[in-house]
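S.K.: At the far end of the sequence shown sits residue 261, using our numbering, and the numbering has no gaps. C-beta atoms are modelled at their ideal positions from N, C-alpha and C, and glycine is treated no differently. Bear in mind that the values here come from a model prediction, so they are computed numbers and not experimental data.
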Amino acid sequence: METIALEIDGKRVTVASGSTILAAAEKAGTDIPVLCYFEHTSSKGLCRLCVVEVEGATTMQPACVALAQNDSIIQTRSENIDRIRRTILEMLASTVDLSESPDLLEMLLDYDAVPERFQGGKQLLPDLIDDNPVFIRDYAKCVMCWRCVQVCAEDAQYAFAINFGGRGFETSIATFFGKAMPETTCVFCGQCVGVCPSGALKAKTEHLLELGALPEEIFSETRMRRKSKRRRT
Ligand code: SF4
Ligand code: FES
29 METIALEIDG KRVTVASGST ILAAAEKAGT DIPVLCYFEH TSSKGLCRLC
79 VVEVEGATTM QPACVALAQN DSIIQTRSEN IDRIRRTILE MLASTVDLSE
129 SPDLLEMLLD YDAVPERFQG GKQLLPDLID DNPVFIRDYA KCVMCWRCVQ
179 VCAEDAQYAF AINFGGRGFE TSIATFFGKA MPETTCVFCG QCVGVCPSGA
229 LKAKTEHLLE LGALPEEIFS ETRMRRKSKR RRT
């Protein structure tokens, strides 16, 4: 196996050629914050929380997609990096409900983020979508990490039921033509719920339990799923 050696925060590390900076940092014992990156989906470098400084590079590099180079010298924390991460976190917290995003709440503290800096800005407040017996979609909590779209597509299920919809600030995860989930190619595998880091996608049972629903009501509301499970076995 071909290897390369580089320096991360002053620590020399040797990794396989073709490794990302994130993987190299992990090997060096350095923690780089991530949001859109997930080990079981392909990285797209969307959120930019993982940016690092590579000596000689003119721009910050997203560690989850940028490849480590031989003899690179990399800093994962600096005043500039912290300011970028803090601003991303503040903008997220000022537009999206992060109450069920524990990792992001922790990062807000780590980076001394002050979301109130953007007070008065527009918030994303779409209605909760409850259109099927398996899961609910609460896009007021969506951090646009794209993971759900990827597992629904080439990363796992090949169902292609969801994608980006809208433009600019109004961009959101959506079904084609805004159709209700049962009218799409969704096979209700639940993988999108499993990878969602923010509570935007949630099992219907969990949602109903949180609302204090009684067992009979939960059974009735999720009955289609139970029936279809029985049919498959
Ligand atoms: S619904 Fe969840 S998994 Fe999908 S983009 Fe939003 S936060 Fe990410
Ligand atoms: S974690 Fe690297 S760009 Fe989102």
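To the nearest angstrom, how far is it from the Cα of residue 112 to the Cα of residue 77?
M.R.: So the alpha carbons of these two residues sit roughly 8 angstroms apart.
S.K.: Would you report the Cα separation of residue 264 and residue 229, rounded to the nearest angstrom?
M.R.: Since the first residue of the chain shown is 29 and the last is 261, residue 264 is not available in this structure.
S.K.: Should residue 175 be listed as close to ligand 1, given that the test is whether its C-beta is under 7 angstroms from any heavy atom?
M.R.: Yes - ligand 1 has a heavy atom lying nearer than 7 angstroms to the Cβ of residue 175.
S.K.: Among 212, 157 and 101, which one has its Cα closest to the Cα of residue 37?
M.R.: Ranking the options by Cα distance to residue 37, first place goes to 101.
S.K.: Using the Cα positions of residue 161 and residue 93, report the straight-line distance between them to the nearest angstrom.
M.R.: Whole-angstrom Cα-Cα distance: 36 angstroms.
S.K.: Pick from 61, 201, 39 and 62: whose alpha carbon is nearest that of residue 55?
M.R.: Considering only alpha carbons, the answer is 39.
S.K.: DSSP three-state label for residue 191, please.
M.R.: Of the three classes helix, strand and coil, the one that applies to residue 191 here is strand, per DSSP.
S.K.: Beta carbon of residue 121: closer than 7 angstroms to some heavy atom of ligand 4?
M.R.: The model on display carries ligand 1 and ligand 2 but not ligand 4.
S.K.: Fully enclosed by the region 122-166, which alpha helix (DSSP H) runs are 4 residues long or longer?
M.R.: You should have 130-138.
S.K.: Count the other C-beta atoms from every protein chain shown that fall within 10 angstroms of the C-beta of residue 172, then say buried if there are 16 or more, exposed otherwise.
M.R.: When all chains shown are included, residue 172 counts as buried.
S.K.: From which residue to which residue does the alpha helix (DSSP H) around residue 103 run?
M.R.: Taken as a continuous stretch (DSSP letters only), residue 103 belongs to no alpha helix (DSSP H), being part of the beta strand (DSSP E) at 101-103.
S.K.: Can you grab the Cα-Cα spacing for the pair residue 149 / residue 123, in whole Å?
M.R.: Approximately 7 angstroms between the Cα atoms of the pair.
S.K.: Among the candidates 206, 245 and 106, whose CA atom is the shortest distance from the CA of residue 233?
M.R.: Cα-wise, what sits closest to residue 233 is 245.
S.K.: Does residue 61 pass the burial test, meaning 16 or more other C-beta atoms within 10 Å, or should it be called exposed?
M.R.: Its Cβ being crowded by 16 or more others within 10 Å, residue 61 is buried.
S.K.: Would you call the region 187-203 and the region 125-142 in contact, with 3 or more CB pairs under 8 angstroms?
M.R.: No: fewer than three Cβ pairs fall under 8 angstroms.
S.K.: Ligand 1 and residue 62: does any heavy atom of the ligand fall closer than 7 angstroms to the residue's C-beta?
M.R.: Residue 62: no, Cβ never under 7 angstroms from ligand 1.
S.K.: Report the three-state DSSP secondary structure of residue 55 (helix, strand or coil).
M.R.: In the structure shown, residue 55 sits in a helix (DSSP, three-state: H, G or I).
S.K.: Roughly how many angstroms separate the alpha carbons of residue 204 and residue 114, rounded to a whole number?
M.R.: One C-alpha to the other measures close to 34 angstroms.
S.K.: From the DSSP output, which residues share a beta bridge with residue 200?
M.R.: Its beta-bridge partners are 193.
S.K.: With a threshold of 7 angstroms (Cβ to nearest heavy atom), would residue 154 be considered close to ligand 1?
M.R.: Because no heavy atom of ligand 1 lies under 7 angstroms away, the Cβ of residue 154 does not count as near it: no.
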